[in-house]
Amino acid sequence: MVLYVFVHILLSEPSKLQGLESYGFDLPDSVGEIITSGILVLQLERVYYMVSRFVEARLRRGNDNGVKAQGDGWVLTVALIEGMNLASLDPTDPPDPYVVLTCNGKTKTSSV
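Basically my numbering = 1-based index in the sequence shown + 101.
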């Protein structure tokens with residue numbers, strides 16, 4: 102297939118139906134179109150991955166919204182779906198992820 106596309110690029114001019122193309126079958130006419138198509142596919146893959154993670158998190162969320170905590174404040178539930186390339190403060194120790202929450206100027210740090 103790669104050889105077929107390469108021969109088509111050599112035989113054709115941009116924006117014309119020629120080379121090894123037929124009606125309804127459009128091949129890239131230049132190396133730039135191949136690179137652009139590859140970048141577009143990679144970007145769409147990332148968008149799909151992010152949207153699927155968002156949908157997964159929305160489906161997994163609990164129904165504890167608005168639960169009053171004991172004392173001042175509200176209970177906040179955070180669901181960690183996935184962590185990648187987590188850095189550690191000490192290179193000899195495994196990563197120790199944490200969450201920093203800031204609300205009304207108050208900051209809380211919590212381990213995950």
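For glycine and all other residues, C-beta sits at the position ideal for the given N, C-alpha and C. Since the model is a prediction, treat every value here as computed from it, not as a measurement.
Identity of the residues DSSP links to residue i by a beta bridge
| i | result |
| --- | --- |
| S211 | V200 |
Residues of its chain near residue i, where Cβ-Cβ distance is below 6 Å and the 5 sequence neighbours each way are ignored
| i | result |
| --- | --- |
| L202 | K209 |
Own chain residues within Cβ distance below 7 Å of residue i, not counting five before or after
| i | result |
| --- | --- |
| A188 | P196 |
Rounded distance between the beta-carbons of residue j and residue i, thought under 8 Å
| i | j | result |
| --- | --- | --- |
| S138 | I110 | So it is not a contact: roughly 13 Å between Cβ atoms. |
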